[in-house]
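Protein sequences appear in the order of chains R and E. Residue numbers for the first sequence, in this note's numbering: 1 to 106. Residue numbers for the second sequence, in this note's numbering: 107 to 274. For glycine and all other residues, C-beta sits at the position ideal for the given N, C-alpha and C. Nothing here was measured: the structure is a model prediction, and the numbers come from that model. Heads up: the structure comes next, in structure tokens.
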Amino acid sequence: MVTLGDYLTVSALLFTLGFAGVMLRRNIIIILMCLELMLNAANLSLVAFSRFHVQPGGTPNYDAEVFVFFIITVAAAEVAVGLAIIVALFRARQTTHVEDITALKF
Amino acid sequence: MVSPILFWSFSLLMLVFGAAVVLNRNPVASALSLVVSFLGLAALFMSLNAFFVGIIQILVYAGAVMVLFLFIIMLLDLRAEKLRKINWPAVAGGLVVALIFLVQVLSVIGRFQPARQPFPPLSTSAIDDVRGIGLRLFDAYNLPFQIIGVLVLVATVGVVVLSKREFR
């Protein structure tokens, strides 16, 4: 029997993987991919709650799925802008390694 | 409801390839692992009767977003990173913060009473979720929907401006 808690646990594990990737990796493109992992972990728990809160008509709560739709749209726009910034940064500095970018270091 | 074997196999697929994204040294291998991880996630969405969200997940993430990532990796001609001197205190600190976060979230889930109940059954009309989501989207969430359209337009203009050769 699969319960709501199982989905939430898997979602927490996926979020932690993305979080650890953002903390540990030094390549900006990989960091952006790990941000996507975290956004998708949040989507998984939203969809699990949408299925759990069944409405009186016997349908899932579609408000959560509309919210997931918005998150996917914002994430796609974020990836497009982020990758454009990475390309501009690579033209200026010839690196995607965060430790080589120290212009703001005090 | 989905059988436990399918649920755990797709969860394992998603988590193993999610770990591969973090651990791979080659950016192309990371991007392809991310595709497999998102396919497993789409299967989990479909196991929750969210067929529309699952299809959108495959089309938008495994299709469009990953092509964008691979295209940028190709454009920048990134190779596998050379092994640098690893900053062990920073790695240990990052792992400790991530583990503390995981323990915190799992303890909250453990104390959350509804998490132990099974999912309530759906009526047979729940199969046309595209209709339900579309009605919500264009009725109750009409204004946010239009604002998100403006956001995508702004992102498009921003990408064009950022991609120009010289800033002026």
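Compare the C-beta of residue i against all C-beta atoms of chain B and say whether one is closer than 8 Å.
i	result
residue 42 (chain R)	Structure shown: chain B not included; protein chains present are R and E.
Closest by CA to residue i, which one among the options?
i	options	result
residue 112 (chain E)	R:1, R:8, R:5 and R:9	R:1
residue 109 (chain E)	E:260, E:123, E:235 and E:149	E:149
residue 246 (chain E)	R:75, R:64 and R:71	R:64
residue 242 (chain E)	R:68, R:90 and R:30	R:68
residue 26 (chain R)	E:190, E:156 and E:207	E:190
residue 72 (chain R)	E:179, E:162, E:172 and E:204	E:162
residue 250 (chain E)	R:74, R:14 and R:103	R:74
residue 199 (chain E)	R:24, R:14, R:3 and R:7	R:24
residue 8 (chain R)	R:17, R:80 and R:48	R:48
residue 100 (chain R)	R:81, R:28, R:10 and R:36	R:28
residue 234 (chain E)	E:212, E:264 and E:158	E:158
residue 180 (chain E)	E:141, E:133 and E:139	E:133
residue 30 (chain R)	E:139, E:169, E:128 and E:239	E:128
residue 70 (chain E)	R:41, R:33 and R:66	Because chain E in this structure spans residues 107 to 274, residue 70 (chain E) falls outside the shown range and cannot be described.
residue 221 (chain E)	R:33, R:38, R:45 and R:85	R:45
residue 268 (chain E)	R:94, R:102, R:106 and R:83	R:83
residue 140 (chain E)	E:169, E:153 and E:114	E:169
residue 255 (chain E)	R:34, R:3, R:70 and R:81	R:70
Please report how far the alpha carbon of residue i lies from the alpha carbon of residue j, in whole angstroms.
i	j	result
residue 237 (chain E)	residue 135 (chain E)	38 Å
residue 87 (chain R)	residue 57 (chain R)	50 Å
residue 22 (chain R)	residue 218 (chain E)	28 Å
residue 266 (chain E)	residue 76 (chain R)	15 Å
residue 229 (chain E)	residue 5 (chain R)	23 Å
residue 160 (chain E)	residue 89 (chain R)	34 Å
residue 171 (chain E)	residue 209 (chain E)	31 Å
residue 130 (chain E)	residue 124 (chain E)	10 Å
residue 51 (chain R)	residue 183 (chain E)	43 Å
residue 178 (chain E)	residue 92 (chain R)	16 Å
residue 17 (chain R)	residue 43 (chain R)	15 Å
residue 142 (chain E)	residue 11 (chain R)	16 Å
residue 61 (chain R)	residue 54 (chain R)	6 Å
residue 167 (chain E)	residue 36 (chain R)	9 Å
residue 225 (chain E)	residue 155 (chain E)	11 Å
residue 98 (chain R)	residue 104 (chain R)	12 Å
residue 253 (chain E)	residue 175 (chain E)	26 Å
residue 263 (chain E)	residue 197 (chain E)	38 Å
residue 115 (chain E)	residue 202 (chain E)	28 Å
residue 102 (chain R)	residue 223 (chain E)	51 Å
residue 122 (chain E)	residue 38 (chain R)	15 Å
residue 138 (chain E)	residue 173 (chain E)	10 Å
residue 260 (chain E)	residue 212 (chain E)	38 Å
residue 94 (chain R)	residue 164 (chain E)	33 Å
Name the DSSP beta bridge partners of residue i, please?
i	result
residue 117 (chain R)	The question about residue 117 (chain R) has no answer, for chain R in this structure spans 1 to 106.
residue 27 (chain R)	R:97
Under the rule that 16 or more other beta-carbon atoms within 10 Å means buried, what is residue i, buried or exposed?
i	result
residue 195 (chain E)	exposed
residue 151 (chain E)	buried
residue 206 (chain E)	exposed
residue 146 (chain E)	buried
residue 96 (chain R)	buried
residue 14 (chain R)	buried
residue 59 (chain R)	buried
residue 215 (chain E)	buried
residue 79 (chain R)	buried
residue 113 (chain R)	Residue 113 (chain R) cannot be examined here, being either before or after the span of chain R that is shown, 1 to 106.
Could you check whether the Cβ of residue i sits closer than 7 Å to any heavy atom belonging to the ligand FMN?
i	result
residue 15 (chain R)	Within the structure as shown, the ligand FMN is missing, as the structure has no ligands at all.
Length-filtered (3 minimum) beta strand (DSSP E) runs lying within the region 41-85 of chain R: none
Report the start-end ranges of each beta strand (DSSP E) in the region 121-185 of chain E that is 3 residues or longer and not cut off at the edges. none
Quick one: which unbroken alpha helix (DSSP H) runs of 4-plus residues sit fully inside the region 196-267 of chain E? Chain order, please. 235-245
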